[in-house]
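Engineer: Mind looking over this structure? Questions follow.
Residue numbers (this note's numbering): 365 to 610.
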């Protein structure tokens with residue numbers, strides 16, 4: 365007599381589907397659309413429909429000065445605007461042979477690393493929310509708000525900074541702000557354990573993600589993956605350490 369469970373599993377089959385994922389409403393940030401081909405819960409192909417974020421900023425760059433173009437770089441990634449500021453200014457400095465003063469380098473690194481924390485908090489919090497964990501998202505917003513306040517003290521803006529200049533930065537970081545940054549970092553070092561308890565060591569979080577869409581070391585190299593995702597694939601690489609740019 366055949367096993368009914370085994371027989372049922374053999375008879376079960378999924379149907380390939382083509383699904384339009386997006387586009388989101390134009391008023392939202394980071395609008396995109398994918399044409400996704402799935403086999404059950406397995407995504408076989410994802411075709412991006414590019415153009416929803418196209419703003420002709422390259423063409424605009426032909427009509428403004430080098431300094432005048434810095435604010436446009438903020439819009440490339442509004443959650444990590446400091447890095448696009450720096451990348452553009454470093455390219456211009458390399459072309460012009462401009463050397464940045466040591467204090468300016470320190471200000472850049474401090475501003476960029478604060479922006480990195482805020483950006484990662486957005487990613488970690490929204491990632492948890494996407495799989496049903498609302499609490500980590502609220503906690504991430506709490507710390508991110510503190511970072512945004514510090515960024516506002518440094519450069520007068522909370523998201524699109526226009527802070528880094530060709531040859532340096534727009535404003536110095538005051539001693540009072542440096543003190544508040546140190547206080548936040550001391551506090552944040554303790555808060556990391558809280559995020560680990562809520563997500564990293566959360567059994568439900570792990571079971572929902574383990575062995576799903578695994579990116580191998582080879583995949584990471586092939587698709588030029590960088591940052592935390594590259595390190596999560598087993599590659600010990602950090603550009604700040606391995607190819608220092610500041």
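Backbone N, C-alpha and C define an ideal beta-carbon position, used for all residues, glycine too.
According to DSSP, residue 401 sits in a beta bridge with which residue or residues?
Structural biologist: Bridge partners of residue 401: 382, 409.
Engineer: Taking the alpha carbon of residue 399 as the point to measure from, which residue in 579, 432, 383, 451 has its own alpha carbon closest?
Structural biologist: The shortest C-alpha separation from residue 399 is found at 383.
Engineer: Taking the alpha-carbon of residue 405 as reference, which of 610, 581, 607, 577 has the nearest alpha-carbon?
Structural biologist: Residue 405 has its Cα closest to that of 577, out of 610, 581, 607, 577.
Engineer: Distance check for residue 551 and residue 544, CA to CA, integer angstroms please.
Structural biologist: When rounded, the distance between both Cα atoms is 11 Å.
Engineer: What three-state label does DSSP hand residue 462 in the structure shown?
Structural biologist: Three-state result, residue 462: coil.
Engineer: Using three-state DSSP, classify residue 489 as helix, strand or coil.
Structural biologist: In the structure shown, residue 489 sits in a helix (DSSP, three-state: H, G or I).
Engineer: Cα separation between residue 508 and residue 423?
Structural biologist: Approximately 33 Å, taken between the alpha carbons.
Engineer: Thinking C-beta only, is residue 499 closer than 9 Å to residue 562?
Structural biologist: Yes, the Cβ-Cβ distance between residue 562 and residue 499 is below 9 Å.
Engineer: Closer than 8 Å is the cut-off here; do at least three beta carbon pairs connect the segment 425–435 with the segment 491–498?
Structural biologist: Cβ pair count under 8 Å is below three, so no.
Engineer: Should residue 417 and residue 443 be called a contact, given that it needs their Cβ atoms to be closer than 9 Å?
Structural biologist: Not a contact, by the Cβ cut-off of 9 Å.
Engineer: First and last residue of the alpha helix (DSSP H) that includes residue 504?
Structural biologist: Where residue 504 is concerned, the enclosing alpha helix (DSSP H) stretches over 498–519.
Engineer: Any chance the segment 454–469 sits against the segment 519–535, with 3 or more Cβ pairs inside 8 Å?
Structural biologist: Flag = yes, the segment 454–469 and the segment 519–535 touch.
Engineer: Are there three or more Cβ pairs, one per stretch, closer than 8 Å when the segment 447–463 is compared with the segment 432–439?
Structural biologist: Because the criterion of three Cβ pairs below 8 Å is met, the segment 447–463 and the segment 432–439 touch.
Engineer: I'd like the span of the alpha helix (DSSP H) that includes residue 541, first residue to last.
Structural biologist: Residues 539–559.
Engineer: Who are the near neighbours of residue 555 in its chain, counting only those whose CB is closer than 7 Å to its CB and skipping five residues on each side?
Structural biologist: If we look at residue 555 and ignore the five residues flanking it on each side, its Cβ neighbours are 507.
Engineer: Can you give the Cα-Cα distance for residue 518 and residue 610, rounded to whole angstroms?
Structural biologist: C-alpha separation (whole angstroms): 19 Å.
Engineer: Alpha carbon to alpha carbon, how far is residue 459 from residue 425?
Structural biologist: Spanning the two alpha carbons is a distance of roughly 16 Å.
Engineer: In chain order, what residues of the same chain lie with their CB nearer than 8 Å to the CB of residue 521, ignoring the 5 residues before and after it?
Structural biologist: So the qualifying residues of the chain are 515, 527.
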